[in-house]
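Written out below as structure tokens is the structure these notes cover.
There are 2 protein chains.
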Amino acid sequence: MDDVVSGIFTRKPGEGARQGPLYISLRRDIERAIAQGILKPGDALPAERELAAMADVSRVTVRRAVQDLVATGLLVQRHGSGTFVAPHIERVEQPLSVLTSFTEDMARRGMAADSLWLDRGIYAPSPDEMVVLGLSAEESVSRVSRVRLANGTPLAIERATLSAQILPEPAKVGDSLYAALAKVGNRPVRAIQRISAALLDDGDAALLGVPPGSPSLNIERISYLSSGRVVEYTRSRYRADAYDFVAELRLREPESTGRTS
Amino acid sequence: MDDVVSGIFTRKPGEGARQGPLYISLRRDIERAIAQGILKPGDALPAERELAAMADVSRVTVRRAVQDLVATGLLVQRHGSGTFVAPHIERVEQPLSVLTSFTEDMARRGMAADSLWLDRGIYAPSPDEMVVLGLSAEESVSRVSRVRLANGTPLAIERATLSAQILPEPAKVGDSLYAALAKVGNRPVRAIQRISAALLDDGDAALLGVPPGSPSLNIERISYLSSGRVVEYTRSRYRADAYDFVAELRLREPESTGRTS
DNA sequence: TCGTTAACGTTGTCTGGACAAGTGGTCTTT
DNA sequence: AAAGACCACTTGTCCAGACAACGTTAACGA
């Protein structure tokens, strides 16, 4: 087995048409080995020094190739332990047309929703929060932030801010923020979400258990009561390798009622 | 001015409490210099060798710090030219509830929509395409792929596949695919989109004019005719630094009509 | 038996150097 | 004045080696 693996990466000193950079060839070799099933999810790659010796390149070059693949999520590195082919993570789909909470969502698909509390407290609002929630500097806000887990795997970081009037006791929020809101009659009925992609910084990456610089889906959500008042301002970061958002679109009606398009 | 910049990064050999890795300190120094406006968008950073001399670290360490910032989009590197603070790009917002084409979308916000054709032709379907479009291996598909530009800036790569029956002459598609479909009475009225985040590979990054490994919003869209037949299967990659998707959500109705939730 | 320690192998950080390849300007030639 | 050659300077790739930080595991001691 090791012979097979070693065969893949072996490159004699003088041989081969070197067209591109070495680290790109090596990267392709590793990708191919995984695609062909020679290396399966969970398998360990040869150690960097071995790989360097096999491919007759320096360890720096090996690291360059490996880090590219770690960035794309194909490999996982564990300090002091080794480099492994990433296990296949099945993506969770989140429908975009209905307003649901994480807890409800996971329950519906039979996964265990857990939370890791990062913060539950009352603060002075940031400028951002003042604008979005329509508060003055004298009023205060409740912040509720946590890591969301499904079946024990961290999926998302959720940082919610609400007016302290609407949620006066953030420490009493249980598993579901929406449940707590419903209890005081402030459950939102409408929300606007802004979806973007970005890279995770070191802190958030650590919270989600992925390497820094991994891609994330970022959601900014502003929720409204039926009265039109803003309830909640939430910024979430979802692991890109574990989350899809699904939306259904419809063709804009051919101006049957509207006047100016 | 150069003195100011040099002052930021100067680090005497023996001095300073080295708590973390050097490249992280250096990265923070650069971030701070930009945040404080000492380096403004468009400004060039000192050359890597100079930076290395200033901070008294090796060039490899400088490159490590700089590459991290290039990955997040804060810096831009041009081979042979230098490293620059990235210009601020204003994000384009895409509403998610209405089915629109890129061309219509840009026109509505007063931007010039352009295309760079990558491919317009008829092919045998890939397995993926056969499944999604419901075709047999004998039928053929039209593929239409292009880079989408707004005001000259590449924003997205769009790769559409349609049954050749629905679009027999892909070469005749003009600026708008939907316009071409409407002309033959096959304009879709409904679509399902799946949104995810990922990193751009070298090829796509080059097409979008961003460094490889930059984050992207990936959209997979399946469009339907009013008859329910699948029209179009499109995979798009949007630059994460230039695109937001906006969606409006509503609370799930309290089971008024439906039976099993 | 069970916890502790120590050795070993792994990835992480960093050095100082080298050459290749691309850019943008000057300077020469036409 | 325009075209081309050239040169200084930049980033890109790559090397061989060193030490640090972390895990795993096996040997050891209680």
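Which chain is which? The protein sequence lines are V and X, in order. By our numbering, the letter at position 2 of the first sequence is numbered 2, and the numbering carries on one by one without gaps. By our numbering, the letter at position 68 of the second sequence is numbered 68, and the numbering carries on one by one without gaps. Glycine included, every Cβ here is placed at the ideal spot set by N, Cα and C. Since we're looking at a predicted model, the values are computed, not measured.
Inset, instruction - Report the three-state DSSP secondary structure of X:Thr72 (helix, strand or coil). - result: Within the second sequence, the letter at position 72 stands for residue 72 of chain X. DSSP places X:Thr72 in the helix class (H, G or I) of the three-state scheme.
Inset, instruction - Could you tell me which of V:Ile89, V:Pro212 and V:Phe102 sits nearest to V:Ile219, measuring between CA atoms? - result: Numbered from 1 along the first sequence, position 219 holds the residue referred to as residue 219 of chain V. The candidate whose alpha carbon is nearest that of V:Ile219 is V:Phe102.
Inset, instruction - Could you tell me the boundaries of the alpha helix (DSSP H) in which V:Ser97 lies? - result: Indexing the first sequence from 1 puts residue 97 of chain V at position 97. No alpha helix (DSSP H) holds V:Ser97; DSSP gives it neither H nor E.
Legend entry - Listed by chain order, chain V residues near X:Gly213 by CB distance under 7 Å: To locate residue 213 of chain X, count along the second sequence from 1; it is residue 213. Under the 7 Å cutoff, chain V gives Ala71.
Inset, instruction - Give the DSSP-derived three-state secondary structure of V:Gly258 in the structure shown. - result: Mapped onto the first sequence, residue 258 of chain V falls at position 258. For V:Gly258, the pLDDT reaches just 34, beneath the cut-off of 50, and the residue's location in the model is therefore unreliable, although a value from the coordinates is still provided. Three-state DSSP puts V:Gly258 in coil, outside helix and strand.
Legend entry - C-beta atoms of V:Arg239 and V:Ala156 nearer than 9 Å: Start at 1 with the first residue of the first sequence, and residue 239 of chain V comes out as number 239. Start at 1 with the first residue of the first sequence, and residue 156 of chain V comes out as number 156. Against a cut-off of 9 Å, the Cβ pair of V:Ala156 and V:Arg239 comes out as a contact.
Inset, instruction - Ignore the nearest five residues each way along the sequence and tell me which others in V:Ser236's own chain have a CB closer than 6 Å to its CB. - result: Position 236 of the first sequence, counting from 1, holds the residue named residue 236 of chain V. Here the set comprises Ala156, Glu158 and Ile219.
Legend entry - Where X:Ala182 falls, given that 16 or more other Cβ within 10 Å makes a residue buried: Locating residue 182 of chain X in the second sequence gives position 182, counting from the first residue. The residue is exposed, with fewer than 16 neighbouring Cβ atoms inside 10 Å.
Inset, instruction - Can you pull the chain V residues whose beta carbon is under 9 Å from the beta carbon of X:Glu193, in chain order? - result: Numbered from 1 along the second sequence, position 193 holds the residue referred to as residue 193 of chain X. Looking at the sequence shown, residue 193 of chain X is not Glu but Gln. Residues of chain V whose Cβ lies closer than 9 Å to the Cβ of X:Gln193 are, in chain order, Leu96, Phe245, Val246, Ala247, Glu248 and Leu249.
Legend entry - Environment of V:Ala171 [buried if 16+ CB atoms lie within 10 Å]: Counted from its first residue, the first sequence places residue 171 of chain V at position 171. V:Ala171 should be labelled exposed.
Inset, instruction - Tell me whether the beta-carbon of X:Ala44 lies closer than 9 Å to the beta-carbon of X:Thr83. - result: In the second sequence, counting from the first residue as 1, residue 44 of chain X sits at position 44. In the second sequence, counting from the first residue as 1, residue 83 of chain X sits at position 83. Closer than 9 Å, so yes.
Legend entry - Chain-order list of residues whose beta-carbon lies under 7 Å from that of X:Gly134 (same chain, five-residue window excluded): Along the second sequence, one-based indexing puts residue 134 of chain X at 134. Contacts found: Val230.
Inset, instruction - Look at the Cβ atom of X:Ser145, then the Cβ atom of X:Asp119, and state whether they are nearer than 9 Å. - result: The residue labelled residue 145 of chain X in the question sits at position 145 within the second sequence. The residue labelled residue 119 of chain X in the question sits at position 119 within the second sequence. By the CB criterion at 9 Å, X:Ser145 and X:Asp119 fall inside the cutoff.
Legend entry - Where X:Gly134 sits in the DSSP three-state scheme: On the second sequence, residue 134 of chain X is found 134 positions in, with the first residue counted as 1. Reduced to three states, the DSSP call for X:Gly134 is coil.
Inset, instruction - Round the Cβ separation of X:Tyr178 and X:Arg190 to the nearest angstrom and send it over; I've been treating them as touching at under 8 Å. - result: Counting from one through the second sequence, the residue named residue 178 of chain X turns up at place 178. Counting from one through the second sequence, the residue named residue 190 of chain X turns up at place 190. That pair is no contact at about 13 Å.
Inset, instruction - Would you check if there are 3 or more beta carbon pairs closer than 8 Å linking the segment 30-39 of chain V to the segment 63-74 of chain V? - result: Enough Cβ pairs lie closer than 8 Å, so yes.
Inset, instruction - Could you tell me whether any Cβ in chain X is nearer than 9 Å to the Cβ of V:Ala198? - result: Counting from 1 along the first sequence, the entry for residue 198 of chain V is found at position 198. Output row for V:Ala198: interface = yes.
Inset, instruction - Give the interface partners of X:Ala240 over in chain V, defined as CB-CB distance under 7 Å, in chain order. - result: Here residue 240 of chain X refers to the residue found at position 240 of the second sequence. The contact set of X:Ala240 on chain V, defined by CB atoms closer than 7 Å, consists of Ser196, Ala197 and Ala198 in chain order.
Legend entry - Neighbour-count burial assignment, X:Asp244, 16 or more Cβ in a 10 Å radius: Here the question's residue 244 of chain X lines up with position 244 in the second sequence. Buried: at least 16 other Cβ atoms inside 10 Å.
Legend entry - Selected residue, minimal CA-CA separation from V:Ala107, among V:Asn151, V:Ala55, V:Ala197 and V:Val131: For the purposes of this step, residue 107 of chain V is identified with residue 107 of the first sequence, where counting begins at 1. When each option's Cα is compared against that of V:Ala107, the closest is V:Asn151.
Inset, instruction - Starting from the C-beta of X:Ser97, find all residues in its chain whose C-beta is less than 8 Å away, skip the five residues before and the five after it, and write them out in chain order. - result: Indexing the second sequence from 1 puts residue 97 of chain X at position 97. Ala247 and Glu248, listed in sequence order.
Legend entry - alpha helix (DSSP H) segment containing V:Leu51, residue limits: If you number the first sequence from 1, residue 51 of chain V lands on position 51. Start and end: Glu48 to Ala55.
Legend entry - Straight-line gap, X:Pro125 to X:Glu139 (C-alpha atoms, nearest Å): The sequence position of residue 125 of chain X within the second sequence is 125, counting from 1. The sequence position of residue 139 of chain X within the second sequence is 139, counting from 1. A direct Cα-Cα distance of roughly 8 Å separates X:Pro125 from X:Glu139.
Inset, instruction - Spell out the partners DSSP gives V:Phe245 in its beta bridges. - result: Position 245 of the first sequence, counted from the start, is the residue given in the question as residue 245 of chain V. V:Gln94 and X:Ile195.
Legend entry - Proximal residues of chain X, C-beta to C-beta of V:Ser25 below 8 Å: Taking the first residue of the first sequence as 1, we reach residue 25 of chain V at position 25. None at all; the shortest Cβ gap to chain X is about 13 Å.
Inset, instruction - Would you kindly check if the distance between the Cβ of V:Thr161 and the Cβ of V:Val184 is under 9 Å? - result: Counting from one through the first sequence, the residue named residue 184 of chain V turns up at place 184. Counting from one through the first sequence, the residue named residue 161 of chain V turns up at place 161. Not closer than 9 Å, so no.
Legend entry - Residue burial classification, V:Ile57 (beta-carbon count within 10 angstroms, cutoff 16): Against the first sequence, residue 57 of chain V aligns to sequence position 57. According to the sequence as given, residue 57 of chain V is Val; it is not Ile. By the beta-carbon neighbour count (other beta carbons within 10 angstroms, threshold 16), V:Val57 is buried.
Legend entry - Whole-Å CB distance - V:Ile89 paired with X:Ile195, under 8 Å assumed: Start at 1 with the first residue of the first sequence, and residue 89 of chain V comes out as number 89. Start at 1 with the first residue of the second sequence, and residue 195 of chain X comes out as number 195. Their Cβ separation, rounded to whole angstroms, is 17 Å, which puts V:Ile89 and X:Ile195 out of contact at 8 Å.
Inset, instruction - Could you check how far apart the C-beta atoms of X:Asp202 and X:Pro215 are, in whole angstroms? I think they sit under 8 Å. - result: By 1-based counting over the second sequence, the position of residue 202 of chain X is 202. By 1-based counting over the second sequence, the position of residue 215 of chain X is 215. Not really, about 15 Å apart at Cβ, beyond 8 Å.
Inset, instruction - Spell out whether any CB of chain X is found under 9 Å from the CB atom of V:Arg91. - result: What you label residue 91 of chain V is simply residue 91 of the first sequence in a count that begins at 1. So, interface residue.
Legend entry - Contact list for the segment 145-158 of chain V against chain X, Cβ threshold 7 Å: none
Inset, instruction - Determine, using beta carbons only, whether X:Leu217 comes closer than 9 Å to chain V. - result: Here residue 217 of chain X corresponds to residue number 217 of the second sequence, with the count starting at 1. Yes, contact with chain V.
Inset, instruction - Taking only beta-carbon positions, decide if X:Asp68 is within less than 9 Å of chain V. - result: Residue mapping note: residue 68 of chain X aligns to position 68 of the second sequence, counting from 1. Judged by the 9 Å Cβ criterion, X:Asp68 is in contact with chain V.
Inset, instruction - Quick one: give me the first and last residue of the alpha helix (DSSP H) that X:Ala164 is part of. - result: Here residue 164 of chain X refers to the residue found at position 164 when the second sequence is read from its first residue. Per DSSP, X:Ala164 belongs to no alpha helix (DSSP H) and is neither H nor E.
Inset, instruction - Name the one or two DSSP bridge partners that V:Thr83 has. - result: For the purposes of this step, residue 83 of chain V is taken as residue 83 along the first sequence, with counting starting at 1. V:Thr83 pairs with V:Gln77.
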